[in-house]
Amino acid sequence: MEVVIRPTAERAARLVARLVADALRDNPTLVLGLATGATMEPVYAELARLHREERLDFSHCTTFNLDEYIGLAPEDPRSYHAVMREALFRHVNLGGAATHLPDGMATDVASACARYEQRIRACGGIDLQLLGIGQSGHIGFNEPLSALRSRTREKALSPVTLAQNARYFGGDPARVPRRAITMGVGTILEARRCVALVTGAHKAAILARAVEGPLGAMVSASALQLHPSCVVVSDEAAASQLSGTDYYRWTFAHEPEWQAYQDA
Ligand code: PGA
46 MEVVIRPTAE
56 RAARLVARLV
66 ADALRDNPTL
76 VLGLATGATM
86 EPVYAELARL
96 HREERLDFSH
106 CTTFNLDEYI
116 GLAPEDPRSY
126 HAVMREALFR
136 HVNLGGAATH
146 LPDGMATDVA
156 SACARYEQRI
166 RACGGIDLQL
176 LGIGQSGHIG
186 FNEPLSALRS
196 RTREKALSPV
206 TLAQNARYFG
216 GDPARVPRRA
226 ITMGVGTILE
236 ARRCVALVTG
246 AHKAAILARA
256 VEGPLGAMVS
266 ASALQLHPSC
276 VVVSDEAAAS
286 QLSGTDYYRW
296 TFAHEPEWQA
306 YQDA
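So this is what it looks like as structure tokens:
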């Protein structure tokens, strides 16, 4: 794992967008894993700008989102289908059949989850997976005690997550769907590269647990410590409780792979 600290949330998001754009330019048939959440919104805005102004081409790219609420139809503006349409899909030239999210309206959820895994495999696996980290420590909707080898499945949301996401449901945690379909921790760990973006002082404690704490199911994001190619990008505020920052800053300043990103 590497940790990259940028001065602001805006610059952290811009660096993540550049990592995606460079991966897409290197491999036009990139299979891209996507995440929802407020943290990712500036990343998608920057990718939309790169498409508009620099012709970043998504026409051969395939996407898979991490999760979707159970019981929300794709037309529902609070569904992640709708959130992704508004944030990214309608602004870039992804093909009509190229975007995938779990089916929150599936009558047979277990079969829908198995099909989602099958679809990822049929596309050759995920090349680059974007991730946020929730205040519960989740990646996707893998709430505390999610098995570190879990696959796409139905999951009950934790009270911390219901409270975190209440802002999209009129501020009332009781109106947030209680269950979701999420890629499992094991599914996420199979992506060839993981890029997590974590910004804001409210994420400082959970980021320190995820990156420097013990590996364990209480903090699903700590499973990223197992991944052979994972970078965590944060702003100064989210990095404020990390203890190894001198080393992380030295690595970003000196390692060849990061030289092209110094001004990002
Ligand atoms: P946020 O959510 O970006 O809205 O903080 C991240 C997450 O819950 O994974």
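Residue 46 is where the sequence shown starts when you use my numbering, and the numbers rise one by one after that.
For every residue, glycine included, the Cβ atom is placed at its ideal position computed from N, Cα and C.
Beta bridge counterpart(s) of residue i as assigned by DSSP
| i | result |
| --- | --- |
| L176 | A241 |
| L77 | T108 and L173 |
| V277 | V48 and A241 |
| I226 | E113 and E199 |
| G261 | V264 |
| H145 | F109 |
Supposed close pair residue i, residue j - CB separation, criterion 8 Å
| i | j | result |
| --- | --- | --- |
| H272 | M129 | Not quite, the Cβ-Cβ distance comes to about 24 Å (not below 8 Å), so this is no contact. |
| G78 | Q174 | 3 Å |
| V278 | V61 | 5 Å |
| S195 | G229 | 3 Å |
| T107 | A132 | Incorrect: roughly 17 Å between the Cβ atoms, too far for contact. |
| I226 | E188 | Actually they do not touch by this definition, with Cβ atoms about 13 Å apart. |
| S285 | E257 | Wrong, their Cβ atoms sit about 13 Å apart, outside the cutoff. |
| Y114 | G149 | 5 Å |
| F109 | H145 | 5 Å |
| L202 | V221 | 7 Å |
| R63 | A57 | Not quite, the Cβ-Cβ distance comes to about 11 Å (not below 8 Å), so this is no contact. |
| N138 | D102 | 7 Å |
Under 8 Å between C-beta atoms of residue i and residue j
| i | j | result |
| --- | --- | --- |
| I178 | A241 | yes |
| D280 | T53 | yes |
| F297 | V49 | yes |
| A255 | L190 | no |
| L260 | A283 | no |
| H136 | A93 | yes |
| I165 | A266 | no |
| T84 | V205 | no |
Cβ neighbour criterion (16 or more within 10 Å) applied to residue i
| i | result |
| --- | --- |
| R59 | buried |
| Y89 | buried |
| Y293 | buried |
| Q209 | buried |
| A236 | buried |
| P147 | buried |
| H299 | exposed |
| G182 | buried |
| R223 | exposed |
| S104 | exposed |
| P301 | exposed |
| E91 | buried |
| H247 | exposed |
heavy atom of ligand 2 below 7 Å from residue i C-beta
| i | result |
| --- | --- |
| R123 | This structure does not include ligand 2; its bound ligands are ligand 1. |
Task: Environment of ligand 1 in chain order, Cβ to heavy atom below 5 Å - done: G82, A83, T84, G177 and G179
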